[in-house]
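Read through the structure below, which is laid out as structure tokens, and then see the notes.
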Amino acid sequence: MRIFLAFCLIIVLWSTTPLAIKWSGEGPGFLFGVAARMVIGLACLLPFVLFARRKFPVDRKAWLTYFAVALQIYGAMLSVYWAAQFIPSGWISVIFGLTPMLTAFMSALWLNERSLGLLQLIAYGLGLAGLLVMFGTAMDISRDAAMGIGGVTLASFLQSASSVLVKRIGAALPSVTQVTGGLLVAVPLYLITWYRGDGVWPDIIPVQSLLSIVYLGAVATTIGFALYYYVLIHVPATKVALITLVTPVMSLLIGNAVNREPLNEKVMIGAGLIMGALLLHQYSGLFRKEKNKTAIRRA
Numbered sequence: 001m002r003i004f005l006a007f008c009l010i011i012v013l014w015s016t017t018p019l020a021i022k023w024s025g026e027g028p029g030f031l032f033g034v035a036a037r038m039v040i041g042l043a044c045l046l047p048f049v050l051f052a053r054r055k056f057p058v059d060r061k062a063w064l065t066y067f068a069v070a071l072q073i074y075g076a077m078l079s080v081y082w083a084a085q086f087i088p089s090g091w092i093s094v095i096f097g098l099t100p101m102l103t104a105f106m107s108a109l110w111l112n113e114r115s116l117g118l119l120q121l122i123a124y125g126l127g128l129a130g131l132l133v134m135f136g137t138a139m140d141i142s143r144d145a146a147m148g149i150g151g152v153t154l155a156s157f158l159q160s161a162s163s164v165l166v167k168r169i170g171a172a173l174p175s176v177t178q179v180t181g182g183l184l185v186a187v188p189l190y191l192i193t194w195y196r197g198d199g200v201w202p203d204i205i206p207v208q209s210l211l212s213i214v215y216l217g218a219v220a221t222t223i224g225f226a227l228y229y230y231v232l233i234h235v236p237a238t239k240v241a242l243i244t245l246v247t248p249v250m251s252l253l254i255g256n257a258v259n260r261e262p263l264n265e266k267v268m269i270g271a272g273l274i275m276g277a278l279l280l281h282q283y284s285g286l287f288r289k290e291k292n293k294t295a296i297r298r299a
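Mind the numbering: the sequence shown is residues 1 to 299 in full-length UniProt numbering, read in order.
Take a look at the structure:
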């Protein structure tokens, strides 16, 4: 029952995060929104690491890991927050559905993992087709919306690169330690970026923006992260991956219902192609594992 509740809570958190990201930047600006979120996240995680008396390694491998994690926390998140100004929030989750495929592609190149079979290549083709449909839909709206699509695509690439780099470094640090270290690197960068890019404390922070910032910093960054790794420990990774199939659809529906975001035929086709690509990618992995097991049994 606990695992089921955790699974459901992750879906809720991941589905509502894109809209919260969009709202957090409306009023105070996206730089203030993302910087404030990360400061709150670090303020929540750092005491936990200290009072739990967890070891916080500071050797070379550990710092390389923290910088790799910061690539996602700073690079990817900054791109997402910037892009959220120009596109509906639900699109963020849909495009992020490409992340598992990008990660597998980079793993094949950088980690020599065998993940580029025929089914995977077909999945990449479907994903690219879906991305092109979404890009075409954005062009129908405005040039800025097309730039927003590019920003989220860049964020997906940076997140995938971060994951592969962490695996390649192989420091084997606890997940909470990795995120805390990544925040220690990223938060100063965010503060510098905010100061150089804006540097003005907002006179008025709308209640909607303030609640979104607190929700993202205290809940999505901390509780959501802990729940994800709790589920990952107790549930097979293939089932956890189903979350990435559910959340884009939920995000589109929530954005449409709560924020009156467009949900037309082109958007649904693009989202369907990307979700189909992700489903095929997950199926191809299971098919490859089953084939390997059969070959081992015959041997």
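Just so you know, even glycine gets a beta-carbon here, dropped at the ideal spot from N, CA and C.
Of the candidates V185, L263, F105 and I92, V185 places its Cα closest to the Cα of L64.
Three or more beta-carbon pairs separated by less than 8 Å are not found between the region 122–135 and the region 68–86, which leaves the two stretches without contact.
Contact check for G181 against A62 passes: the beta carbons are separated by less than 8 Å.
For the options G150, A68, L158 and F30, the alpha carbon positioned closest to that of P100 is the one of L158. The residues Q208, S209 and S212, in chain order, have a CB closer than 7 Å to that of W23 in the same chain once the five nearest residues on each side in sequence are set aside. Taking each of S251, Q282, H281 and L280 in turn and checking the Cα distance to V267, the smallest one comes out for S251.
In terms of Cβ geometry, W110 and R60 do not form a close pair [threshold 8 Å]. Bounds of the alpha helix (DSSP H) holding I254 are I243 to N259. Take L173, set aside five residues on each side of it, and the residues of its chain with a beta-carbon closer than 7 Å to its own are P57, A62 and T65, in chain order. With fewer than 16 neighbouring CB atoms inside 10 Å of its own CB, L118 falls in the exposed class. Per the Cβ contact rule, the region 3–13 is not in contact with the region 85–98 (fewer than 3 Cβ pairs under 8 Å). Counting of Cβ neighbours within 10 angstroms places F4 among the exposed residues, the total staying below 16. Between the alpha carbons of N259 and L279 lies a distance of about 28 Å. Here DSSP, grouped into helix, strand and coil, assigns R53 to coil. Excluding five sequence positions before and after S142, the CB atoms of its chain that fall closer than 8 Å to its own CB belong to F86, given in chain order. Straight-line measurement puts the Cα of P202 at about 15 Å from the Cα of R196. V69 is the residue among N264, V69 and L245 whose C-alpha sits nearest the C-alpha of S162.
The C-beta separation of I254 from T16 comes to about 6 Å, placing the pair in contact by the 8 Å criterion. For W23, the enclosing alpha helix (DSSP H) covers residues R2 to G25.
Contact between L126 and G276 holds: CB atoms are separated by about 5 Å, below the 8 Å threshold. W201 sits in coil when the DSSP states are folded into three classes, being neither helix nor strand. About 5 Å separates the Cβ atoms of A271 and V94, confirming a contact at the 8 Å cut-off. Apart from sequence neighbours up to five positions away, the residues of its chain that approach V246 with a beta-carbon distance below 7 Å are I11, ordered along the chain. In the three-state reduction of the DSSP assignment, P100 falls in the helix class, which pools H, G and I.
No residue range can be given for V58, since it is assigned to no alpha helix (DSSP H) and is classified by DSSP as neither H nor E. For the pair W91 and L263, the Cα-to-Cα distance works out to about 10 Å. The C-alpha of Y215 lies about 21 Å from the C-alpha of A155.
Shortest Cα-Cα distance from Y283 to any of V49, P206, L121 and G41 involves L121.
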